[in-house]
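First the structure, in the form of structure tokens, and then the observations on it.
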Amino acid sequence: MSPSTTTILILNLATSTIITMSSYHWLMAWMGLELNTLAILPIISKSHHPRATEASTKYFLTQAAASALILFSSLINAQTTGQWNILQLEHPLAQILLTMALAMKLGLTPTHFWLPEVLQGSSLKTTLIIITWQKLAPTTILFLTWNQTSTLTITTMGTLSVLTGGLGGLNQTQLRKIMAFSSIAHLGWMATIITKSNKLALLNLMIYITISTPLMLSLILFSTKTVPDLTTTWTTSPLLTTMTMMMLLSLGGLPPLTGFLPKWLTLEELLKQDMTLLATLMAMMALMSLFFYLRLSYSLSVTITPTPTTTSNKWRIKPNTMTPLLSTALPLSLMMTPLMPLIMP
21 MSPSTTTILI LNLATSTIIT MSSYHWLMAW MGLELNTLAI LPIISKSHHP RATEASTKYF
81 LTQAAASALI LFSSLINAQT TGQWNILQLE HPLAQILLTM ALAMKLGLTP THFWLPEVLQ
141 GSSLKTTLII ITWQKLAPTT ILFLTWNQTS TLTITTMGTL SVLTGGLGGL NQTQLRKIMA
201 FSSIAHLGWM ATIITKSNKL ALLNLMIYIT ISTPLMLSLI LFSTKTVPDL TTTWTTSPLL
261 TTMTMMMLLS LGGLPPLTGF LPKWLTLEEL LKQDMTLLAT LMAMMALMSL FFYLRLSYSL
321 SVTITPTPTT TSNKWRIKPN TMTPLLSTAL PLSLMMTPLM PLIMP
């Protein structure tokens, strides 16, 4: 794909997300989501591999179905109330349909099956876009309608997503599928708390993106796609290997790293609202996610000094990956916990 074509597609991705985020009319929001889907499809299938074509087809079918559901729910609401304003979603059926559609867009259980398959057929750079930028547009609609969506539906789907993300990643060897189940679990935390505290839900999303971005950039720099590949990363950069191990632990929510912050505050909010059983279940399911992050961290740590790999060093060529974003986001992904009083007044 030529640089000019890639630039046009990336600009379309950015523009469509901004259209959705800034719109209060259902048709404008729907148009932004459709443009977003059409812009990402060539990026997914640009390698011309059969698996990439399959991934783009699955992505198109699920996103088109979700967009159709959003349009259908807005039509039901407009027919009943005469309103096209996003902030005035009053019909109960429209609320449930919208919740299901946004869950499908985000990859929440039980509409999560497309996400691991699409990421497995995509490149690492495309995976980074799908698990970060592509979540912003549907999440914005969810934030606009958080007090109008079906509370029981979104909480149930969020809890099931945390369970699915923990169980699904246990037996995986492909890093992209592990990142997919990680995305499902973290967005499950966000969906569970959004009807109780939308500020905490936003914090969950922002910290997930803050940790996932440098982690994926590290994997791109190392060119690692499977768990066994992690054992040779030491030959590229011992320091970055150590930092990647810590980022994985941060993603798992281990204190005192950044990833512990949203989980701690979410569980505290659930306990404040007398949801002790739900908080206990969420904490137990988070342990399953932590297990496969520890497994990945172990694969990285077995070849760090004083037990380095016997593989000879890779040629010290200049990597073609842009590292300013990595060097900026990496400290934030590990050491943001002391900023909690500034983030949550």
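The C-terminal residue of the sequence shown carries number 365 in the working numbering, and the numbering is unbroken.
Note that the Cβ used here is the ideal one computed from N, Cα and C, for glycine as well.
In the three-state reduction of the DSSP assignment, Gln194 falls in the strand class, which pools E and B. A residue is called buried once 16 or more other Cβ atoms fall within 10 Å of its Cβ, and Ile28, having fewer, is exposed. At a Cβ-Cβ threshold of 8 Å, Thr129 and Ile174 do not count as neighbours. DSSP places Asn167 in the coil class of the three-state scheme, outside both helix and strand. Between the C-alpha atoms of Lys155 and Lys125 there is a straight-line separation of about 8 Å.
Residue nearest to Leu298 within the set Leu172, Ala86 and Ile60 is Leu172 (criterion: CA-CA distance). Ala34 counts as exposed, since fewer than 16 other beta carbons sit within 10 angstroms of its beta carbon. The alpha carbon of Trp46 has as its nearest neighbour, out of Phe80, Thr82, Arg71 and Gln108, the alpha carbon of Gln108. Gln140 and Ala75 have their alpha carbons spaced roughly 8 Å apart. Within its own chain, the residues whose Cβ lies closer than 6 Å to the Cβ of Leu180, once the five positions on either side in sequence are excluded, are Thr129, listed in chain order. Across the structure, Thr296 and Asn218 are spaced so that their CA atoms are roughly 19 Å apart.
Excluding sequence positions up to five before and after His111, its CB lies within less than 6 Å of the CB of Ile96, Asn97 and Thr100, all in the same chain and listed in chain order.
Between Leu207 and Gly102, the beta carbon gap of about 33 Å keeps them out of contact (Cβ cut-off 8 Å).
By alpha-carbon distance to Lys78, the top candidate from Leu91, Thr57 and Gly52 is Thr57. By the Cβ criterion, the region 260-269 is in contact with the region 235-242, since at least three pairs of Cβ atoms, one from each stretch, lie closer than 8 Å.
For Ser270, the uninterrupted alpha helix (DSSP H) run begins and ends at Pro258 to Leu271, by DSSP. Under DSSP, His45 forms a beta bridge with Asn105.
In the three-state reduction of the DSSP assignment, Thr230 falls in the helix class, which pools H, G and I.
One alpha carbon belongs to Lys66, the other to Leu148, and they sit about 15 Å apart. Shown here, Thr119 sits in a helix according to DSSP, grouped into three states.
Per DSSP, reduced to three states, the secondary structure at Thr343 is coil, with no helix or strand assignment. For Thr246, the secondary structure class from DSSP, reduced to helix, strand or coil, is strand.
Using a C-beta cut-off of 8 Å, the region 303-320 makes no contact with the region 227-236, since fewer than three inter-stretch Cβ pairs fall below that distance. Secondary structure of Pro130 (DSSP, three-state): coil.
Ranked by how close their Cα comes to the Cα of Pro62, the residues Thr146, Ala85 and Leu359 have Thr146 in first place.
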